[in-house]
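Under the UniProt record's numbering, think of the first position of the sequence shown as 1, with each following residue one higher. Think of the CB as a built atom: it goes at the ideal place given N, C-alpha and C, for glycine as much as any other residue. Keep in mind that this is a model prediction, so the values were computed, not measured.
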Amino acid sequence: MTLQDDERMIRAALDAAAAASDADVPVGAVLFDADGVELARAANAREASGDPTAHAEILALREAARIHGDGWRLEGATLAVTLEPCTMCAGALVLARVKRVVFGAWEPKTGAVGSLWDVVRDRRLTHRPQVRGGVLEDECAGLLESFFQDQR
Ligand SMILES: [Zn+2]
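See below:
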């Protein structure tokens with residue numbers, strides 16, 4: 001995949017983030033199949049649904065698995081997300097066997113795809129998704145910064 005492909009995917013994730021409720025941190029995730037066709041998209045809905053696991057990545061994975069038609073496996077799929085995934089989401093991405101993870105902003109405090117941990121590329125795992133981080137980083141980080149500014 002070229003950087004242009006990855007930027008297109010992150011733009012879709014930025015669109016998805018815009019659907020988050022006013023109370024939810026605007027994080028968006030989109031899953032694409034091996035041909036780059038969109039399978040599912042979601043925004044973080046932890047506050048809206050009162051569910052600690054309702055991160056954008058998890059919601060998009062669940063929806064994509066329903067559509068993809070190969071049970072729970074999302075082999076060949078790429079997940080694009082505006083913020084570096086946490087440990088829960090990184091674990092779920094490994095379990096779903098996605099091929100690639102592309103993300104926008106780095107999350108040094110909780111990131112589990114290279115910042116604080118590197119869950120997806122642990123050499124002890126048999127399935128290790130490829131990663132590209134920092135795609136459209138400024139736009140993705142800016143969305144979060146303006147959300148937290150409005151919160152004050
Ligand atoms: Zn998460």
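For residue j and residue i, believed in contact at Cβ under 8 Å, the rounded distance
i      : j      : result
Leu-83 : Val-27 : 5 Å
His-55 : Cys-89 : 5 Å
Pairwise C-alpha distance: residue j and residue i
i           : j       : result
Arg-152     : Arg-124 : 43 Å
Glu-63      : Glu-107 : 25 Å
Asp-138     : Ala-105 : 7 Å
Ile-58      : Ala-43  : 10 Å
residue 154 : Ala-80  : Shown here, the chain extends from 1 to 152; a query on residue 154 therefore has no answer.
Asp-70      : Ala-12  : 24 Å
Val-120     : Val-113 : 6 Å
Pair within 8 Å by beta-carbon distance, residue i and residue j
i       : j       : result
Arg-97  : Gln-130 : no
Val-102 : Arg-132 : yes
Arg-41  : Ala-18  : no
Glu-7   : Val-135 : yes
Leu-144 : Val-25  : yes
For residue i: DSSP bridge partner residues
i       : result
Thr-110 : Bridge partners of Thr-110: none, in fact.
Gln-130 : Arg-100
Coarse secondary structure for residue i, derived from DSSP in three states
i      : result
Leu-3  : helix
Arg-41 : strand
Ala-19 : coil
Thr-82 : strand
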